[in-house]
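The block underneath contains the structure these notes are about, expressed in structure tokens.
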Amino acid sequence: MKLTLKIWRQKNANDKGGIKTYSLDNVSEHMSFLEMMDVLNEQIIAEGKEEPIAFDHDCREGICGMCSMHINGQPHGPDRAITTCQLHMRSFNDGDTIYIEPWRAKGFPVIKDLVVDRSAFDRIQHAGGFVSVGTSGNTQDANAIPIPKADADKAFDAATCIGCGACVAACKNASAMLFVSAKVSQFALLPQGKVEAKRRVLNMVEQMDKEGFGNCTNTGACSVECPKEISLENIARMNREYLKASVTGE
Amino acid sequence: MALTGLFLCLFLVGHLLGNLQLLIPGDDGQRAFNEYAYFMTHNPFIKILSYLTYFSILFHAVDGLVLTIQNKKARPIKYAYNKPERNSKLPSRYMAILGSAILIFIIMHMANFWAVMHFQEDIPLEKMTYVFESPSGESVDFDYYTTHNNGVTINNFRNHVPVSAVEKDSLTGKSDVVIKNQTEFYVDGQKKKIAEGYKDLHSITLAFFGHDKEDKAGLPANEYAIVAVLLYVLAMVVLAFHLWHGFASAFQTLGFKNEKYTKLLDGFGKVFSVLVPLGFAIIPIILFLTK
Amino acid sequence: MSVLDAKIPEGPIKDKWTNHKNKINLVNPANKRLIDVIVVGTGLAGGSASASLAEMGYNVKAFCFQDSPRRAHSIAAQGGINAAKNYQNDGDSIYRLFYDTVKGGDYRSREANVYRLAEVSANIIDQCVAQGVPFAREYGGLLDNRSFGGVLVSRTFYAKGQTGQQLLLGAYSAMNRQIGKGKIKMYNRHEMLELVKVDGKARGIIARNLVTGELERHSAHAVVIASGGYGNVFFLSTNAMGSNVTAAWRVHKKGAYFANPCYTQIHPTCIPRSGDYQSKLTLMSESLRNDGRIWVPKNMEDVEAIRKGTKKPTDLSEDERDYYLERRYPAFGNLVPRDVASRAAKERCDAGFGVNDTGEAVYLDFASAIMRYGKEKATVEGEYNASEDRIRELGEGVIEAKYGNLFQMYQKITDDNPYKTPMKIYPAVHYTMGGVWVDYNLMTTIPGCYAAGEANFSDHGANRLGASALMQGLADGYFVLPYTIGDYLSDDIRTGPISTETSEFEEAENDVKQRLESFINNKGSKSVDHFHRRLGKVMWDKVGMSRNETGLKEAIAEIKQIREEFYKDVFVPGGMDELNPELEKACRVADFIELGELFANDALHRTESCGGHFREESAEEDGPQKGEAKRDDKNFAYVAAWEWTGDPGAAKLHKEELTFNDIELKQRSYK
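Protein chains in written order, with my numbering: chain A, 74 to 323; chain B, 3 to 293; chain C, 9 to 679.
Okay, structure coming up:
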């Protein structure tokens, strides 16, 4: 098929940037979206007039969380529960025009073209996304504390977050609540994480606010666009934990 | 936002229950509604609630404004192409606009009713007509103000001040009784308050929505009643959308949602967000239609 | 041979690690603050090592080329992690895990290392649970286990199909704690491009800030390479796009020997290539072979009809299908080890029976499992007269519960519904058992330079068992390296900070700068990927699943040719002082090309077949094992460690003889 691609080009963080139009022919419907981008880049390199388009990608199987494109008005494109690298061209039609933009958020400044800086997510994790346990291995036996299967499963579901930032990209307020709540929830549900629960939620939320992400107005867009379908219940749980921690103190 | 929002939801329920009394026909309705209005302005507990309500509205609006500004700042560059309708419901994305519209409505609403009631010096007071049979067997109409006067008897009418007593004598330009401070009856020239009347909010409201009751409260029907009704109904539609998202959202923010209650809360929120504004909206419609 | 001292501790195998830990030198806590350690790579090995070293008190500088340590490719591991916990009470023990791993590795791994791995495996699970890793649990609240290929016990711990992700996030959280405390300085989007040696010791690296393009000098008292495997030398593999050999190759070129480069694991169940644009291959978990039957059509006419689209696989009757694994290996059937299953698929496809357009696909069919489960389910539900459709419906439900996420992934990629039509699969490069040679302490032949995880060669021999890679990565990082590195660093407590303003750093930086400039200034005509693809094709065709002398010699000549053309004709757009993915790729591919040649040479010299390395000349000629791999313990029971001499084709071979005192060498039979 033949496509018209309208892609955000920006030389570096200080450049103003703008949308550029490319046309690409002979796109196979079996290609993944990123393979289509590879082919476009090969074309750009062959023409030799400008630099190929920079975009983040790595595992290309939907788990590393590196790929991050806002495709036709949606993070990770029109399909549900997948990342950009799992999106295939059969989701588009011959003659389509496709807009490709970087994640847009104050917390995710553009580095180049479609590449954004998501280190804010790392900093939020540094603030409390861990259990303070030594790595000596001298911990108690793994089966010493039984954990109800339902809690373990819910903690797992929260922990499947891949940190791609689609939640922020989709949210009209560029809020990072779903991301933060996934980590807070994972630990809040497990006995190992409960010990530090109060400090964790207060610190992580504080850091989240410092990074310039917006507020949660519960539109639910984050969860809909999340490639791992992280539930809004996690945000409720984090709010609960936060209130509890704020009211009772450490 | 969540706490004030939920408090305002409670306020809506109270307000609606009060308003529904407007639909009680005849003098009973007038009595009940004005009595209710009096209660709402004089009970100390209600006073506290009302201040809490003013505060909630203000806080809800100001906090909403602050959050909206913060949220706009969180995305300095907008998407060139965005399809939010694919991932979220319309009301949830327009809460600030819906809220602003509601705020404008509240201001107008308060100007129309609240301000009149609190500040208009010549506010109409509730009047009733008493029909009795004279010893000669004729029936005589007797107009009087409904008052409560703590047991003081005037002209043999307990709790009633004759309308004629307030009317000015055409020759002297004086009357037996004068009204001060909106509702207080004084014998002209004396300092002693003899009774207190009821503001006739019922008639004001009915007149506002098209009822012509010149004979009683002396209020002409609002010429633009149809506009008032339409705007009121429109405001209630806006309120419904605001609540459609807001009600359940407040519970989410307060952390009350979990897999057990989410469905229940969401369902209740939707019923609430339709029923309450609907309840408000049918009142002016009915009033307008029965004028 | 004297150069290679594995430093295996004395004593019986079960006491070696304990004795060793008791004897090695330690660094006292106050002195640890004076010592810097660089860790390159933040996967399971690098992440856990960084966290542990920082926690012990060392100043750690960790580097990853991704935008966050959490993106390392360990995250993609699906199945699980082995540990000799014996929670299932099925007779598991440290010895059994050790035995299975050595046997699974076709007796080409170092006994002492493997035993230690089995010994610390149980600690890993305790550690991860304490960190809040949400492993799968039973209703009673205790940890659940499953079984994996090549073993007779249930010792695999898992978190649905995302075990690697959960373990990596555990290590990442341990890192975050230390980053928050300032004990780890994290360098994201940084790529190590050179090792710096001072007085023969590893003392730092040159790294490129991938955002600004700036070359940075970083010094330390020791350097740990935990940069993963080099499967991307094949261009197409299940590795991430960025997975590369550069860090390992750079230390190799500075004097670290590279061991067994030809040992590659080719995973039998991956989604086949669909066209030339293909950028990577996707794995379908090994667990699918529990219920799927692998087949190709018996008759060539059917193959052609299927390719043309005039026939569908479901049209073929049982008689028209060749369940070749069941035919060849009646005892293990579809559950033969990975290397055997992969070679059998290649054999059928080479014979022309591949079922897709490229001729490189076989069927993995769940129809009979669906019907079998459906019948069971119908009986359980009391539906004794269920129609065939009803039975199929019930069976599909059972399969969905077991493999739902994999089936969905398959459908997303191929647009085929695997419940209704058989999956198409083909083997793909998955893991490299070879890597930088290390001694028992995980130190390479460069003093102060360590290698951990997939980047080293030590534990898996010639073939890795499922669920063992995660175990090794975390064992190295959490429990081995943090201790053994102290033995070396105890000499450095008085060294003080290492200056980067020395001629060694200057020289290393200039080398890198020249390398980068030469790419940017090379006004060639072909993209980096063009050469990478060509290299991959040669590697896959001639150095892939089965190898022979002629093919390997051709491959070596072709790789040399590619290398020459690459330097002459590669075109790298953009500049040095900016984010430039093409430049990053160019550096990596340059190293892949050199590695490819060493890889082929290693394969050429090893004339036996073992594990993932199948040499066509070395097959059983008769008897029941006819056609199967033939190992040559007499001549090849050694680790081939190659020393860089300036030309990848002329690397010098050093042998570390492997002695097996605790295990008897046997032939692996799956007939």
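C-beta: ideal position from N, C-alpha, C; glycine also.
When burial is assigned at 16 or more other CB atoms within 10 Å of the CB, is A:M23 buried or exposed? The first residue shown for chain A is 74 and the last is 323, placing residue 23 of chain A beyond what the model contains.
Nearest candidate by alpha-carbon position, reference C:T322, set C:D373, C:K385, C:D207, C:V48: Here residue 322 of chain C corresponds to residue number 314 of the third sequence, with the count starting at 1. Selected option, being the one with the closest Cα: C:D373.
What does the alpha-carbon distance come out to for the pair C:D599 and C:G494? As a first step, residue 599 of chain C must be located in the third sequence, where it is residue number 591. As a first step, residue 494 of chain C must be located in the third sequence, where it is residue number 486. Approximately 31 angstroms, taken between the alpha carbons.
So C:A210 is in the beta strand (DSSP E); what residue range does that whole segment cover? Taking the first residue of the third sequence as 1, we reach residue 210 of chain C at position 202. C:A210 -> beta strand (DSSP E) spans 209-217.
Where C:K576 and C:N530 are concerned, what is the direct C-alpha to C-alpha distance, given to the nearest angstrom? What you label residue 576 of chain C is simply residue 568 of the third sequence in a count that begins at 1. What you label residue 530 of chain C is simply residue 522 of the third sequence in a count that begins at 1. Their Cα atoms are separated by approximately 7 angstroms.
On a Cα-Cα basis, can you pick out the residue from C:I89, C:S117, C:K31 that is closest to C:M441? Along the third sequence, read from residue 1 onward, the residue named residue 441 of chain C stands at position 433. Checking every option, the nearest Cα to that of C:M441 belongs to C:S117.
Taking just the CA atoms, how far does C:E509 sit from C:W652? Within the third sequence, the letter at position 644 stands for residue 652 of chain C. Within the third sequence, the letter at position 501 stands for residue 509 of chain C. Taking the straight line joining both Cα atoms gives about 27 angstroms.
Could you tell me the alpha carbon to alpha carbon distance between B:C11 and B:G271, rounded to whole angstroms? Numbered from 1 along the second sequence, position 9 holds the residue referred to as residue 11 of chain B. Numbered from 1 along the second sequence, position 269 holds the residue referred to as residue 271 of chain B. Their Cα atoms are separated by approximately 10 angstroms.
Is the segment 630-644 of chain C in contact with the segment 249-256 of chain C, if contact means three or more CB pairs nearer than 8 angstroms? no
So, is C:R472 buried or exposed, given that buried needs 16 or more other C-beta atoms within 10 angstroms? Stepping through the third sequence from its first residue, residue 472 of chain C is reached at position 464. Counting Cβ neighbours within 10 Å, C:R472 comes out buried, since at least 16 surround it.
Determine the closest residue to C:G236 out of C:H226, C:H229, C:M249, with distance taken between C-alpha atoms. Counted from its first residue, the third sequence places residue 236 of chain C at position 228. The shortest Cα separation from C:G236 among C:H226, C:H229, C:M249 belongs to C:M249.
According to DSSP, simplified to helix, strand and coil, what is A:C295? On the first sequence, residue 295 of chain A is found 222 positions in, with the first residue counted as 1. In the structure shown, A:C295 sits in a helix (DSSP, three-state: H, G or I).
Any beta-carbon of chain B closer than 7 angstroms to the one on A:A243? Taking the first residue of the first sequence as 1, we reach residue 243 of chain A at position 170. It does; some Cβ of chain B falls within 7 angstroms.
Quick one: give me the first and last residue of the beta strand (DSSP E) that C:W652 is part of. Your numbering for residue 652 of chain C matches position 644 in the third sequence. Unbroken run through C:W652: none, as it is neither H nor E.
Proximal residues of chain B, C-beta to C-beta of A:T292 below 7 angstroms: Looking up residue 292 of chain A in the first sequence gives position 219. Under the 7 angstroms cutoff, chain B gives S90, S94, R95.
Between A:G201 and A:R273, how many whole angstroms is the CB-CB distance? I'm expecting something under 8 angstroms. By 1-based counting over the first sequence, the position of residue 201 of chain A is 128. By 1-based counting over the first sequence, the position of residue 273 of chain A is 200. A:G201 to A:R273, Cβ: 4 angstroms. Contact.
Three CB pairs or more closer than 8 angstroms across the segment 91-108 of chain C and the segment 68-76 of chain C: no
Beta-bridge pairing of B:P164 - partner residues as DSSP gives them: Within the second sequence, numbered from 1, the residue matching residue 164 of chain B stands at position 162. Answer is B:Y146, bridged to B:P164.
Candidates A:V257, A:Q147, A:A154: which alpha carbon is nearest A:W176's? For the purposes of this step, residue 176 of chain A is taken as residue 103 along the first sequence, with counting starting at 1. With distances taken between Cα atoms, A:W176 lies closest to A:Q147.
So, for C:G532: in the same chain, excluding its five sequence neighbours on each side, which residues have a beta-carbon less than 7 angstroms away from its beta-carbon? Position 524 of the third sequence, counted from the start, is the residue given in the question as residue 532 of chain C. Result list for C:G532: K576, D577, V578, F579, in chain order.
Closest by C-alpha distance to C:I399, when choosing among C:N413, C:G412, C:E384, C:Y411: Stepping through the third sequence from its first residue, residue 399 of chain C is reached at position 391. Out of C:N413, C:G412, C:E384, C:Y411, C:E384 has the C-alpha closest to the C-alpha of C:I399.
Just grab the DSSP bridge partners of C:R145 for me. What you label residue 145 of chain C is simply residue 137 of the third sequence in a count that begins at 1. DSSP, once it has assigned bridges, lists C:L151 as partnering C:R145.
Spatial neighbours of B:S90 in its chain, beta-carbon cut-off 8 angstroms, leaving aside the 5 residues before and after: Position 88 of the second sequence, counted from the start, is the residue given in the question as residue 90 of chain B. Contacts found: none.
In chain A, which residues lie less than 9 angstroms from B:G257 when you measure between Cβ atoms? Within the second sequence, the letter at position 255 stands for residue 257 of chain B. By Cβ distance, chain A contributes I308, A309, R310, M311, N312, R313, E314, Y315, L316, K317.
Going along the chain, which unbroken runs of the alpha helix (DSSP H) with 4 or more residues stay wholly within the segment 390-450 of chain C? 396-422
Based on Cα-Cα distance, which residue from A:E115, A:L107, A:L97, A:I235 lies nearest to A:E124? Working through the first sequence from its first residue, we reach residue 124 of chain A at position 51. It is A:E115 whose Cα lies nearest to the Cα of A:E124.
In chain order, each beta strand (DSSP E) run of at least 3 residues that lies wholly inside the segment 452-506 of chain C: 457-459
Which of the residues in the segment 243-257 of chain B, read from start to end, lie with their CB under 7 angstroms from any CB of chain E? In summary, chain E is missing from the structure at hand, where the protein chains are A, B and C.
If we cut at 7 angstroms on Cβ distances, does A:P151 have a partner in chain C? The count along the first sequence starts at 1 and reaches residue 151 of chain A at position 78. Answer no: the Cβ-Cβ gap between A:P151 and chain C never drops below 7 angstroms.
Pick helix, strand or coil for C:N90, following the three-state DSSP scheme. Position 82 of the third sequence holds residue 90 of chain C. Strand.
B:H62 to B:L51, Cα distance in whole Å? On the second sequence, residue 62 of chain B is found 60 positions in, with the first residue counted as 1. On the second sequence, residue 51 of chain B is found 49 positions in, with the first residue counted as 1. Taking the straight line from one Cα to the other gives about 16 angstroms.
Taking only beta-carbon positions, decide if C:S10 is within less than 7 angstroms of chain A. Here residue 10 of chain C refers to the residue found at position 2 when the third sequence is read from its first residue. Because C:S10 sits at a pLDDT of 49, beneath the cut-off of 50, its placement in the model cannot be relied upon, and the point is left open.
Determine contact between the segment 196-215 of chain A and the segment 126-139 of chain C, defined as no fewer than three beta-carbon pairs at a distance below 8 angstroms. yes
Option nearest A:K84 by Cα separation, candidates C:V231, C:V219, C:A659, C:D423: Residue mapping note: residue 84 of chain A aligns to position 11 of the first sequence, counting from 1. Of C:V231, C:V219, C:A659, C:D423, the residue nearest in Cα terms is C:V219.
Closer than 6 angstroms by C-beta to C:G657: which residues in its own chain qualify, once you throw out the five before and the five after it? Chain order, please. Position 649 of the third sequence, counted from the start, is the residue given in the question as residue 657 of chain C. Closer than 6 angstroms at Cβ, skipping near neighbours: E605.
To the nearest angstrom, report how far apart C:N33 and C:S498 are at their CA atoms. Your numbering for residue 33 of chain C matches position 25 in the third sequence. Your numbering for residue 498 of chain C matches position 490 in the third sequence. Going by the C-alpha atoms only, they are around 6 angstroms apart.
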